[in-house]
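S.K.: I am attaching a structure below and will ask some questions about it afterwards.
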Amino acid sequence: LRREAVYRGGRPPLDLAGSRAVLVDDGLATGATMRAAIRAARALGATSVIVAVPVAAPGACTVIRAEADDVVCLSEPVDFVSVGSWYADFAQVTDTEVLGLLATGRASGR
227 LRREAVYRGG RPPLDLAGSR AVLVDDGLAT GATMRAAIRA ARALGATSVI
277 VAVPVAAPGA CTVIRAEADD VVCLSEPVDF VSVGSWYADF AQVTDTEVLG
327 LLATGRASGR
């Protein structure tokens, strides 16, 4: 709730009615968070939902394919341990970084 309030800055949720939503994550362990995101996008009116991830636990993309309209999953390694183990740098993104990216997106009309 804190992040939602900070990141939205008083703005309403996106109006996804009639839109294609592309949901991107750094990877899927169980897929539970992405499933919630897919359901949220549909509840906001998205007509199609596409999921894109670079890495996922074996079977996680299969679970997501059952709910998304399309899934781009580059790798489901059999030796998957965690999402972070597939990155040289898996540092958390700060609120300041997110707010800067959101501001850049708004300035460019996206």
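Counting in this note's numbering, the sequence shown runs from 227 upward without gaps. No residue lacks a Cβ here, since even glycine has one placed at the ideal position from N, Cα and C.
Should Ala258 go down as buried or exposed, given a rule of 16 or more other Cβ atoms within 10 Å for buried?
M.R.: By the 10 Å Cβ count, Ala258 comes out exposed.
S.K.: Use the C-beta contact count for Gly227: other C-beta atoms within 10 angstroms, 16 or more gives buried, fewer gives exposed.
M.R.: This sequence places Leu at residue 227; Gly is not what is there. With fewer than 16 other Cβ atoms within 10 Å, it is exposed.
S.K.: Which residue comes first and which comes last in the alpha helix (DSSP H) that contains Arg268?
M.R.: Unbroken alpha helix (DSSP H) run through Arg268: Ala258 to Ala269.
S.K.: Apart from the five residues just before and just after Ile264, which ones in its own chain have a Cβ nearer than 6 Å to its Cβ?
M.R.: Val275, Glu293 and Ala294.
S.K.: Taking Cβ positions, are Asp241 and Val309 nearer each other than 7 Å?
M.R.: No, Cβ-Cβ distance for Asp241 and Val309 is not below 7 Å.
S.K.: Give me whichever residues DSSP pairs with Ser274 in a beta bridge.
M.R.: DSSP, once it has assigned bridges, lists Arg246 as partnering Ser274.
S.K.: By how many angstroms is the C-alpha of Leu249 removed from the C-alpha of Gly331?
M.R.: If I take the Cα positions, the gap works out to 16 Å.
S.K.: Between Arg261 and the rest of its own chain, which residues show a CB-CB distance below 8 Å, the 5 nearest in sequence each way excluded?
M.R.: Around Arg261: Val289, Ile290 and Glu293.
S.K.: Got a sec, what are the start and stop residues for the beta strand (DSSP E) Val298 sits in?
M.R.: Counting along the chain, the beta strand (DSSP E) containing Val298 begins and ends at Asp296 to Cys299.
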